[in-house]
Amino acid sequence: MPSATWLDSWAGIGHVAVGMHRQGYDLQLTQYDDRGWRATFYTTGMEHSPTSATGTGWERTPWRAVQRAAWIALLHASMTQGGTVQ
């Protein structure tokens, strides 16, 4: 998963969250003690339950978790629409 240094920060998380919201997704970000971070994207307007998640990422840093979850959500959207992500 490619990334740029500017994405590896709290400001980067904000940029990804805003961009994903424009695509119709809400972000939930949770820290789990020393185990790391979980980022989950849900379709905007849907009830946020584990079964409605469209992209989830577990990582040691919050920015990597958000980047992974965003990638998975966009990949999922592309595959359900019959396309591919490059």
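Under this note's numbering, the first residue of the sequence shown is numbered 9, with each subsequent residue one higher.
Glycine is no exception: its CB is placed at the ideal position from the N, C-alpha and C atoms.
These numbers come from a predicted model, not from an experiment.
**OP:** Identify every run of the alpha helix (DSSP H) within the segment 18-59, keeping only runs that are complete inside it and at least 4 residues long; order them along the chain.
**Re:** Taken in chain order, the whole alpha helix (DSSP H) runs of length 4 or more contained in the segment 18-59 are 18-30.
Original post:
Can you tell which of Thr13, Thr69, Gly53, Thr48 has the C-alpha that lies nearest to the C-alpha of Trp79?
Top reply: It is Thr48.
Original post:
What separation, rounded to the nearest whole angstrom, lies between the Cα atoms of Gln39 and Leu83?
Top reply: 24 Å
**OP:** Thinking Val74 and Val24 are a contact (beta carbons under 8 Å), I'd like their distance in whole angstroms, please.
**Re:** 5 Å
Original post:
Looking at Trp71 and Asp16, is the spacing between their C-beta atoms short of 8 Å?
Top reply: yes
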